[in-house]
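I have placed the structure first, in the form of structure tokens, so that the comments after it can refer back to it.
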Amino acid sequence: MVHDVRPARAVHGAAITSIPPEVERARFVETADVNVMGTLNVLAALAQVRTGRVVAISSSSVYGPRENLTPLREDDAKDPHAGYPMTKWAGDMLARRFASVYGLDLAVARLAGPFGPFERDTGSRPLLSPMAEWATAAVNGEAVVVSGDPTVPRDAVYVGDVAGGIAAILLADRLGYDAYNVGWGRGTSAEQAVAALGRIFPKLVVEWCPERRSPWSSAGAAAGPLRCDRLRQDLGWQPRYDLDSGLAEYIEWLRRYA
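As numbered in the working numbering, residues 26 to 283 make up the sequence shown, in order.
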């Protein structure tokens, strides 16, 4: 397909997100094959047709979970703790090295925790983001179930801002770096996210289950926010949505289409 289309610019985001332990165990080799070798195969095809700019989608999970909630910079140490973030870090490193070896104009975009339109239960992913689960439950008039420690923060960023960040990297005339964080830049806890939902749904029912494992603070998620100074200063990007406005737009989309 790449040879037929010969894209001038491209975004590579295909991946297997095998985050739950039971899925990681069942799809370990497949996940590594897709997220690492699949990435290299795509980049090799793009290099052959001389694609001008490539953005490879990476993840904030490459930094690993942290007790220190200082915002994470792109050059901070990486310490992924599970199979999925390990494959994303391997793909991240190899993509940038491939670009250096073969002269491909490439940067990786390390996404925080995106939420928003088009995330819905299609059966293709083993686990939805907590924000999608909570928002869907609220729209359906069901109780919102919050697992784990509700005070643990994560950088939850609205997908419209993620798209804007990726587009800024893709369309820039020149890039100052080969890796960019894309996030809101602030930590959001489950408590704060549910409180924002409560402002939209005043009768929201919440069930707190601290004894259950939570994907919000799992080994596949970086604790705390991302620093996005590179994206702001190098490319002029700014997030347009906060938690409330992003959730409101997502809820409207779910009501219409999900």
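We put the CB at the ideal spot given by N, CA and C, even for glycine.
Suppose contacts are defined by Cβ-Cβ distances below 8 Å. Is residue i in contact with residue j by that definition?
i: residue 181; j: residue 218; result: yes
i: residue 213; j: residue 178; result: yes
i: residue 164; j: residue 231; result: no
i: residue 145; j: residue 39; result: no
i: residue 57; j: residue 112; result: yes
i: residue 141; j: residue 185; result: yes
i: residue 68; j: residue 79; result: yes
i: residue 216; j: residue 176; result: yes
i: residue 271; j: residue 205; result: no
i: residue 59; j: residue 115; result: no
i: residue 225; j: residue 273; result: yes
i: residue 221; j: residue 279; result: no
i: residue 262; j: residue 189; result: yes
i: residue 37; j: residue 81; result: yes
i: residue 97; j: residue 260; result: no
i: residue 41; j: residue 52; result: yes
What is the residue span of the alpha helix (DSSP H) that residue i lies within?
i: residue 164; result: 155-164
i: residue 215; result: 215-225
i: residue 83; result: It is not in any alpha helix (DSSP H) - residue 83 instead sits in the beta strand (DSSP E) that spans 78-84.
i: residue 48; result: 46-51
i: residue 264; result: Counting along the chain, residue 264 falls outside any alpha helix (DSSP H), and DSSP gives it neither H nor E.
i: residue 67; result: 64-73
i: residue 29; result: 27-30
Under the DSSP definition of a beta bridge, which residues are partnered with residue i?
i: residue 233; result: 171
i: residue 178; result: 214
i: residue 91; result: Paired residue(s): none; residue 91 is not in a bridge.
i: residue 37; result: 81
i: residue 287; result: Residue 287 is absent from the structure shown; the chain starts at 26 and stops at 283.
i: residue 139; result: 182
i: residue 251; result: 97
Specify, as a first and last residue, the run of the beta strand (DSSP E) that residue i falls within.
i: residue 206; result: 204-207
Around the Cβ of residue i, are there at least 16 other Cβ atoms within 10 angstroms (buried) or fewer (exposed)?
i: residue 172; result: buried
i: residue 13; result: Only positions 26 to 283 of the chain appear in this structure, which leaves residue 13 out of reach.
i: residue 54; result: exposed
i: residue 35; result: buried
i: residue 125; result: exposed
i: residue 127; result: exposed
i: residue 207; result: buried
Output yes if chain D places a C-beta closer than 8 Å to the C-beta of residue i; else output no.
i: residue 46; result: The structure shown contains no chain D, having only a single protein chain.
Would the segment 85-102 and the segment 151-163 be scored as touching if the rule is three or more Cβ pairs under 8 Å?
-> no
Touch test, the segment 86-96 against the segment 63-78, Cβ-Cβ under 8 Å, three pairs minimum = no
With a cut-off of 8 Å, do at least 3 Cβ pairs link the segment 189-200 to the segment 119-135?
-> yes
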